[in-house]
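Enquirer: Below you will find the structure I want to go over with you.
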Amino acid sequence: MTDATDPLVLFMPSGKRGRFPVGTSVLEAARSLGVYVESVCGGRATCGRCQIEVQEGQFAKHGITSSNDHISPVGPKEKRYAEVRTIPAGRRLSCSATILGDLVVDVPPDTVVNAQVIRKAATDRTFPRNPAIQLCYVEVDEPDMHKPLGDLDRLNLMLEKDWGFQNILVAQHLLPDVQKTLRKGNWGVTAAIHRDLETSRPNMIALWPGLHNEAYGIACDIGSTTIAMHLVSLLSGRVIASSGTSNPQIRFGEDLMSRVSYVMMNPDGREAMTKAVRQAINELTAKVCKEAGVAPHDILDAVFVANPIMHHLFLGIDPTELGQAPFALAVSGAVHTWSREIDLAINHGARVYCLPCIAGHVGADAAGATLSEGPHRQDKMMLLVDVGTNAEIVLGNSTRTVAASSPTGPAFEGAEISCGQRAAPGAIERVRIDAQTLEPRFKVIGVEPWSDEEGFAEAAEKTGITGICGSAIIEVVAEMYLSGVISADGVVDGAMAAKSHRILENGRTFSYLLHDGAQKITVTQNDVRAIQLAKAALYAGIKLLMEKLGVETVDTIRFAGAFGSFIDPKYAMVLGLIPDCDLAEVKAVGNAAGTGALMALLNRDYRREIEDTVTRIEKIETALEPHFQQLFIDAMALPNKVDPFPKLASVVTLPERKVLAEGDVEAGGRRRRRSRE
296 MTDATDPLVL FMPSGKRGRF PVGTSVLEAA RSLGVYVESV CGGRATCGRC QIEVQEGQFA
356 KHGITSSNDH ISPVGPKEKR YAEVRTIPAG RRLSCSATIL GDLVVDVPPD TVVNAQVIRK
416 AATDRTFPRN PAIQLCYVEV DEPDMHKPLG DLDRLNLMLE KDWGFQNILV AQHLLPDVQK
476 TLRKGNWGVT AAIHRDLETS RPNMIALWPG LHNEAYGIAC DIGSTTIAMH LVSLLSGRVI
536 ASSGTSNPQI RFGEDLMSRV SYVMMNPDGR EAMTKAVRQA INELTAKVCK EAGVAPHDIL
596 DAVFVANPIM HHLFLGIDPT ELGQAPFALA VSGAVHTWSR EIDLAINHGA RVYCLPCIAG
656 HVGADAAGAT LSEGPHRQDK MMLLVDVGTN AEIVLGNSTR TVAASSPTGP AFEGAEISCG
716 QRAAPGAIER VRIDAQTLEP RFKVIGVEPW SDEEGFAEAA EKTGITGICG SAIIEVVAEM
776 YLSGVISADG VVDGAMAAKS HRILENGRTF SYLLHDGAQK ITVTQNDVRA IQLAKAALYA
836 GIKLLMEKLG VETVDTIRFA GAFGSFIDPK YAMVLGLIPD CDLAEVKAVG NAAGTGALMA
896 LLNRDYRREI EDTVTRIEKI ETALEPHFQQ LFIDAMALPN KVDPFPKLAS VVTLPERKVL
956 AEGDVEAGGR RRRRSRE
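The opening residue of the sequence shown carries number 296 in my numbering; numbering runs sequentially from there.
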């Protein structure tokens, strides 16, 4: 039994927290919260798979001061394990380490077998190739005492003669090894030439003896929650490996503004977050290289997209100005730099390109998604939405395009939801509710059958049923509305308790029991409110852009981002997350920002296209728009207080509008009180 004086433990990156008595093992605490920490040896400290890291410092957002003094000292079992096998510095075995005080605990991704499912896969589209990197093999004349021309000068002459490159700028790090490389290759060498702009001088960035026909690039999307990367052959244009990982910056704050606040309040905050994200990118690079059997030294070009705050932190820029009006970017245009300048573990001479940002809170990731989906290339009115911690919205066509951001917060990704979690085995990902009986059926990640199908219970024993991920949060609230469990204004109807045991009373409000098991999973009134606030922020932003363009409808909707890939368009519309549209025209396009980065990596012409397009996108700042507040209030209702949804109504039976306000009387004569948050 725990009480309010027990230490508070927060696990990252899941964000789950709880209070535990002093002396509780970290592994036991993790398991009781449904945090997956692997242990094969049954807590005997022999397998070493339950490694964790304690993060030290003040975490004001969570009200926690975490310290290594708040965890038990290294004991005999951990010492014995360290003698037999290596354990990275700073890590502890959670089966042996016990809680002494408040803690922020990281579960390192490399220790987790059933880790979060990073749903940012490569595209199956193909693009014309015109990369900024070209490999050039040349055979150089040997030295001649009668022609006292340096080895490098003769190399440059052959590159001009055979390949047409003039006035080559040679990277400094190559100069000490030019002679050795030429002789090792018996005067035959391969030079990697980088030229992005046609007007710029070609750069020699790498040099190998003999014929070298390996050249790779990485396209990377640095998201607030996850980082996704594609490893690409620059010679064939083929994506040869893709992977993703959690953004380690989440320990400093789940949303963007909390990370800016961390920088403001901690003198070394910017440096710590920059170091964390670069280290994660290097680890991810090593992972994709290992998967593909590629040497990191052969990565010669890298393209990155990110939202403005991630963009600035990655480049080592203080994002403080983005945390306050007028939300000024340090740099909005495309950034060209060298891998060595930002500590990337790839070829020392590799070049780095960051797509331009659109505005203070509409970043290079939105530019990448725009490049991928091309609203500016078509006549249809396209709505492009990247649903994340900070939603980015682009609306327009070839005539005019506008963009905005909307602070939806992390509710759609499981945070701020009582039983919310990220997409991992054991998380509920799909929900249906019978309108007559109010009985649910659901699908769990890692379990093939639905909950009402044969074999579900046995299959679910392996993963457990641990929480609700983002796609299911949208579906369960929409299904609660369709079945009458909640009203149009989002109030859980307590009168339904007479109809079903699934409606639970919680003091002044009610909740819906989705699953009653080892982990009791409910959807509370506060959960519904969190989703309403998030979806209203997004819809109000969309509606504001529609008003700016003078349109009442959109022709086509594209959901971008990892989360968008798993949103069911029908339920998104029932919830009022997006405006009414023909459901056949609502499609998920996966990690469109990453696809845009991939396009820019494979073809420098796409870089010029997005650089030009961004200058013509009109940026709308929702905070300055007086009508935004009313649009937000209207959007709190399901699906919306004033906007009709005729196309949705033609395929879904929407319930009669039921508003439960203060003064309504429930069945049985009891006066209903409006829930207070």
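Where a beta carbon is used, it is the ideal one built from N, C-alpha and C, also for glycine. Computed from a predicted model, the values in this text were never measured in an experiment.
Check whether the segment 945-957 touches the segment 772-790, taking contact to mean three or more Cβ pairs, one atom from each stretch, closer than 8 Å.
Expert: Segments in contact, yes.
Enquirer: Okay, do the segment 718-734 and the segment 788-796 touch, 3+ Cβ pairs below 8 Å being the bar?
Expert: The segment 718-734, when compared against the segment 788-796, does touch it at the 8 Å Cβ threshold.
Enquirer: Quick one: what does DSSP say A487 is sitting in, helix, strand or coil?
Expert: If DSSP states are grouped into helix, strand and coil, A487 belongs with the strands.
Enquirer: With a 10 Å radius around its C-beta and 16 neighbouring C-beta atoms as the bar for buried, classify H922 as buried or exposed.
Expert: With fewer than 16 Cβ atoms within 10 Å of its Cβ, H922 is classed as exposed.
Enquirer: Looking only at DSSP bridge pairs, what is L454 linked to?
Expert: Answer is none; L454 lacks a bridge partner.
Enquirer: Rounded to the nearest angstrom, what separates G313 and G532 at their Cα positions?
Expert: Their Cα atoms are separated by approximately 48 Å.
Enquirer: Counting Cβ pairs, one atom from each stretch, are 3 or more of them under 8 Å apart for the segment 620-635 and the segment 549-562?
Expert: Contact between the segment 620-635 and the segment 549-562 is absent, because fewer than three Cβ pairs lie under 8 Å.
Enquirer: Taking the alpha-carbon of E351 as reference, which of E437, L305, F315 has the nearest alpha-carbon?
Expert: Closest by alpha carbon: L305.
Enquirer: What is the rounded straight-line gap between the Cα of F622 and the Cα of A575?
Expert: So the alpha carbons of these two residues sit roughly 27 Å apart.
Enquirer: What do you get for H441, buried or exposed, if any count of 16 or more other CB atoms within 10 angstroms of its CB means buried?
Expert: By the neighbour-count rule (16 or more Cβ atoms within 10 Å), H441 is not buried but exposed.
Enquirer: Hey, M568 and L624: beta-carbon distance below 9 Å or not?
Expert: Going by C-beta atoms, M568 is not nearer than 9 Å to L624.
Enquirer: Skipping 5 residues on each side, what residues in its chain have a beta carbon closer than 6 Å to that of A773?
Expert: Cβ neighbours of A773 beyond the five flanking positions: Y866, V869, L870.
Enquirer: Counting C-beta neighbours from all protein chains within 10 Å, is the total for D516 16 or more, i.e. buried, or is it exposed?
Expert: Burial call: buried.
Enquirer: Write down the C-beta distance between L595 and N642 rounded to the nearest angstrom, noting that I regard them as a contact closer than 8 Å.
Expert: Indeed, because the Cβ distance is near 5 Å, the residues count as touching under 8 Å.
Enquirer: Look at the Cβ atom of S667, then the Cβ atom of T917, and state whether they are nearer than 9 Å.
Expert: Not closer than 9 Å, so no.
Enquirer: Can you find at least 3 beta carbon pairs, one from the segment 476-491 and one from the segment 517-536, that sit closer than 8 Å?
Expert: Short answer: they don't touch.
Enquirer: For the beta strand (DSSP E) containing I604, list its first residue and its last residue.
Expert: From DSSP, I604 is part of no beta strand (DSSP E) but of the alpha helix (DSSP H) over 603-609.
Enquirer: State yes or no: is the C-beta of G518 within less than 9 Å of the C-beta of D401?
Expert: The answer is no: Cβ separation not under 9 Å.
Enquirer: Would you report the Cα separation of L610 and D907, rounded to the nearest angstrom?
Expert: Rounded to the nearest angstrom, the two C-alpha atoms are 22 Å apart.
Enquirer: Please confirm if the segment 740-748 is in contact with the segment 716-725, defined as three or more CB-CB distances below 8 Å between the two stretches.
Expert: Short answer: they touch.
Enquirer: Leaving aside the five residues before and after R387 along the sequence, list all residues of the same chain whose C-beta is less than 8 Å from its C-beta, in chain order.
Expert: Closer than 8 Å at Cβ, skipping near neighbours: V321, Q346, I347, E348, V349, I366, V369, E373.
Enquirer: Would you report the Cα separation of G765 and R725, rounded to the nearest angstrom?
Expert: In a straight line, the C-alpha of G765 is about 10 Å away from that of R725.
Enquirer: Among D877, G779, E920, which residue has its Cα nearest to the Cα of E842?
Expert: Cα-wise, what sits closest to E842 is E920.
Enquirer: State the Cα-Cα distance for the pair G845 and V947, rounded to the nearest angstrom.
Expert: Each residue's Cα considered, the two are about 28 Å apart.
Enquirer: Among residues of its own chain, excluding the 5 on either side of D301, which ones have a beta-carbon nearer than 8 Å to its beta-carbon?
Expert: Closer than 8 Å at Cβ, skipping near neighbours: R314, F315, P316, V317.
Enquirer: Name the DSSP beta bridge partners of F547, please?
Expert: According to DSSP, which records beta bridges pairwise, F547 is partnered with nothing at all.
Enquirer: Alpha carbon to alpha carbon, what distance is there between H631 and F354?
Expert: Between F354 and H631, the C-alpha separation is close to 34 Å.
Enquirer: Would you kindly report the start and end of the unbroken beta strand (DSSP E) that includes E348?
Expert: It spans 346-350 - the beta strand (DSSP E) in which E348 sits, taken as one unbroken run.
Enquirer: From C584, E586, H656, pick the residue whose C-alpha is nearest to that of M605; which is it?
Expert: Residue H656 is the option with its Cα nearest to M605.
Enquirer: Determine the closest residue to A895 out of E880, P383, S389, Y648, with distance taken between C-alpha atoms.
Expert: The shortest Cα separation from A895 among E880, P383, S389, Y648 belongs to Y648.
Enquirer: Taking the C-alpha atoms as reference points, what is the distance between A831 and A930?
Expert: Answer to the nearest angstrom: the Cα atoms are 5 Å apart.
Enquirer: By Cβ distance, which residues of its chain are closer than 8 Å to L943, with the 5 residues on each side in sequence left out?
Expert: Counting only Cβ-Cβ distances below 8 Å, and skipping sequence neighbours, we find K865, M868, V869, D875, L878, P934, L949.
Enquirer: Starting from T908, follow the alpha helix (DSSP H) in both directions and report where the run begins and ends.
Expert: From DSSP, the alpha helix (DSSP H) with T908 extends over 899-911.
Enquirer: Taking just the CA atoms, how far does K311 sit from L303?
Expert: Each residue's Cα considered, the two are about 11 Å apart.
Enquirer: Which partner residues does C249 have in the DSSP bridge list?
Expert: No statement about residue 249 is possible, as the shown extent of the chain runs from 296 to 972 and does not include it.
Enquirer: If you draw a straight line from the alpha carbon of F707 to that of E913, how long is it in whole angstroms?
Expert: Cα to Cα, F707 sits roughly 27 Å from E913.
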